[in-house]
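Asks: Provided herewith is a single structure, encoded as structure tokens, for subsequent inquiry.
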Amino acid sequence: MKLSAQNRMKGIVLAITEGLVISEINIELDNGILVDALITNSAVESLELEREGEVLVCVNAASVMLAAGDVQISARNIFPGKIESITDGMVSTQVVLNLGRGSELTALISKSSADEMELAVGQELVAVVNAWSVTLGLT
Numbered sequence: 001m002k003l004s005a006q007n008r009m010k011g012i013v014l015a016i017t018e019g020l021v022i023s024e025i026n027i028e029l030d031n032g033i034l035v036d037a038l039i040t041n042s043a044v045e046s047l048e049l050e051r052e053g054e055v056l057v058c059v060n061a062a063s064v065m066l067a068a069g070d071v072q073i074s075a076r077n078i079f080p081g082k083i084e085s086i087t088d089g090m091v092s093t094q095v096v097l098n099l100g101r102g103s104e105l106t107a108l109i110s111k112s113s114a115d116e117m118e119l120a121v122g123q124e125l126v127a128v129v130n131a132w133s134v135t136l137g138l139t
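Heads up, the sequence shown stops at 139 in full-length UniProt numbering, and the numbers go up one at a time, no gaps.
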């Protein structure tokens, strides 16, 4: 499977909570990090997702928000880490965050936001990913 999403991680489905139209999928990545995804019930069926089944977790780098300090936010996925690398472009900045446990997450933010945050390699940040921004696939 070829995907354009920069963040691709394998995991195991821990739980599926089915709603009227949407299901919440709780996943443990291979490195032990927990991720929540919200997808349609029809997607759960077409992927044949089941508890303890393998799944591919994908997050587009532009869907990863970065914050400094203690974050109180409604997003389900909040990952603390340290900046591993920063690549500045003319209008955007790519930030690779080391989450520990052999895992990293890439964020793509505006250059002006990166400048305002005064980002530096080694700086501690929090990556925030809304559960709606998590795409699931099969490995």
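Glycine is no exception: its CB is placed at the ideal position from the N, C-alpha and C atoms. The model shown is predicted, which means the values in this text are computed figures rather than measured ones.
If you compare alpha carbons, which of I16, V21 and I78 is closest to S133?
Replies: As a position in the sequence shown, residue 133 is number 133, starting the count at 1. Of the listed residues, the one whose Cα sits closest to S133 is I78.
Asks: Are there three or more Cβ pairs, one per stretch, closer than 8 Å when the region 28-48 is compared with the region 83-92?
Replies: Short answer: they don't touch.
Asks: What is the DSSP secondary structure of E24, counted as helix, strand or coil?
Replies: Mapped onto the sequence shown, residue 24 falls at position 24. Strand at E24.
Asks: Please report the straight-line C-alpha distance between L119 and A127, rounded to a whole angstrom.
Replies: Locating residue 119 in the sequence shown gives position 119, counting from the first residue. Locating residue 127 in the sequence shown gives position 127, counting from the first residue. Going by the C-alpha atoms only, they are around 13 Å apart.
Asks: Which partner residues of R8 appear in the DSSP bridge assignment?
Replies: Indexing the sequence shown from 1 puts residue 8 at position 8. The partner list for R8 (beta bridge, DSSP) reads C58.
Asks: Rounded to the nearest angstrom, what separates A61 and L97 at their Cα positions?
Replies: What you label residue 61 is simply residue 61 of the sequence shown in a count that begins at 1. What you label residue 97 is simply residue 97 of the sequence shown in a count that begins at 1. Cα-Cα distance, rounded: 11 Å.
Asks: Using 8 Å as the threshold, is the C-beta distance between R8 and L49 below it?
Replies: To locate residue 8, count along the sequence shown from 1; it is residue 8. To locate residue 49, count along the sequence shown from 1; it is residue 49. For R8 and L49, no; Cβs fall outside 8 Å.
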